[in-house]
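**Student:** Below you'll find the structure I mean.
Shown next, in the form of structure tokens:
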């Protein structure tokens with residue numbers, strides 16, 4: 598079972614958004630056409646490292662990383678990577694890795710049972726969901742039992758929001774619906790489960806104002822800054838991160854598609870205030886993930 602061994606004082610940053618895209622058996626998290634389309638969209642055909650290599654990468658940088666996959670077996674008709682294997686591998690690198698689980702909400706009771714086992718038996722510290730790739734509306738009442746279970750477990754739920762490069766350029770976008778990742782669909786969850794900490798991943802283009810509205814209204818919501826170079830952050834996002842949301846904004850990259858080296862280099866050219874960056878890069882995540890004390 599995973600138990601964090603992270604020395605908070607020894608690390609410089611916590612990347613809350615790192616994908617495990619291939620397992621030790623060479624199985625990819627997405628079907629090949631989606632892998633190719635994403636590489637073209639992000640203009641990268643670089644390697645998709647497995648979890649041991651990711652641990653080494655972050656250890657070299659004195660950083661910690663939240664790692665996860667996305668279980669979209671129903672929508673993609675593709676076997677997912679194992680969240681159990683990810684959690685157990687993270688336990689071997691507990692000084693730098695923090696495992697989140699993923700379950701397919703469309704599998705009903707099976708998702709509830711899997712989520713409970715991931716918390717109770719494997720010690721995952723949160724859950725990752727991608728409404729567009731998984732093909733579900735998170736605000737639909739049928740998924741409320743899952744949000745209740747995660748809230749009771751006391752761990753956060755991280756949701757992709759905004760546009761995605763997954764399926765971009767393919768006919769019909771591979772059948773994936775962007776509207777399911779409008780952050781306003783998370784507002785009913787935040788309202789009904791005030792103890793559930795919800796992370797809205799990425800600048801939520803084209804719905805940035807919706808994300809900021811939800812975050813300012815619901816104090817149990819957070820925004821991670823992954824998936825984009827900071828130099829492309831919308832001005833309103835930067836303004837809120839500098840002020841009223843400075844304690845609920847998180848550093849994230851979307852590694853391996855964006856590296857922490859580039860993110861930290863590019864952030865220097867933004868209007869994010871130097872005094873808010875320590876919170877964004879590290880301290881807000883320490884508080885959210887309960888890593889101190």
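Numbering (my numbering), first residue to last: 598 to 890.
Think of the CB as a built atom: it goes at the ideal place given N, C-alpha and C, for glycine as much as any other residue.
Cα-Cα, which of 889, 672, 860, 805 is closest to residue 833?
**Tutor:** With distances taken between Cα atoms, residue 833 lies closest to 805.
**Student:** Do residue 667 and residue 615 have their C-beta atoms within less than 7 angstroms of each other?
**Tutor:** Contact: no.
**Student:** Could you tell me the alpha carbon to alpha carbon distance between residue 679 and residue 599, rounded to whole angstroms?
**Tutor:** Roughly 15 angstroms between the two C-alpha positions.
**Student:** Please work out which residues of its chain come closer than 7 angstroms, Cβ to Cβ, to residue 711, disregarding the five sequence neighbours upstream and downstream, and give them in chain order.
**Tutor:** Excluding residues within five positions, the ones whose Cβ falls inside 7 angstroms are 700.
**Student:** Let me check understanding here. Comparing Cα to Cα, which of 861, 780, 776, 645 lies closest to residue 658?
**Tutor:** Of the candidates 861, 780, 776, 645, the one whose C-alpha sits nearest the C-alpha of residue 658 is 861.
**Student:** Just the C-alpha distance for residue 562 and residue 786, rounded to the nearest angstrom, thanks.
**Tutor:** Outside the displayed span of the chain (598 to 890) sits residue 562, for which this structure offers no information.
**Student:** Return the chain-ordered list of same chain residues with a C-beta closer than 8 angstroms to the C-beta of residue 774, the five sequence neighbours on each side being excluded.
**Tutor:** Correct list, in chain order: 729, 732.
**Student:** Pull the bridge partners of residue 871 from the DSSP assignment, please.
**Tutor:** BP columns for residue 871 are empty, so no partner.
**Student:** Rounded to the nearest angstrom, how far is the Cβ of residue 891 from that of residue 823, given a contact under 8 angstroms?
**Tutor:** There is simply no residue 891 to check, as the chain begins at 598 and stops at 890 in what is shown.
**Student:** How many whole angstroms separate the CB atoms of residue 724 and residue 751, which I take to be in contact at a CB cut-off of 8 angstroms?
**Tutor:** No, residue 724 and residue 751 are not in contact; Cβ-Cβ is about 12 angstroms, not under 8 angstroms.
**Student:** If you run the structure through DSSP and keep just helix, strand and coil, what is residue 691?
**Tutor:** In this structure, residue 691 counts as coil in the three-state DSSP scheme.
**Student:** Using 10 angstroms around the beta-carbon of residue 879, count the other beta-carbons present and answer buried if the total reaches 16, otherwise exposed.
**Tutor:** Per the 10 Å Cβ criterion, buried.
**Student:** How would you call residue 654, buried or exposed, if buried means at least 16 neighbouring beta carbons within 10 angstroms?
**Tutor:** The residue is buried, with at least 16 neighbouring Cβ atoms inside 10 Å.
**Student:** Could you name the residues of the same chain whose beta carbon sits closer than 7 angstroms to that of residue 780, not counting the 5 residues immediately before and after it, in chain order?
**Tutor:** Counting only Cβ-Cβ distances below 7 angstroms, and skipping sequence neighbours, we find 758, 797, 801, 804, 807, 808, 811.
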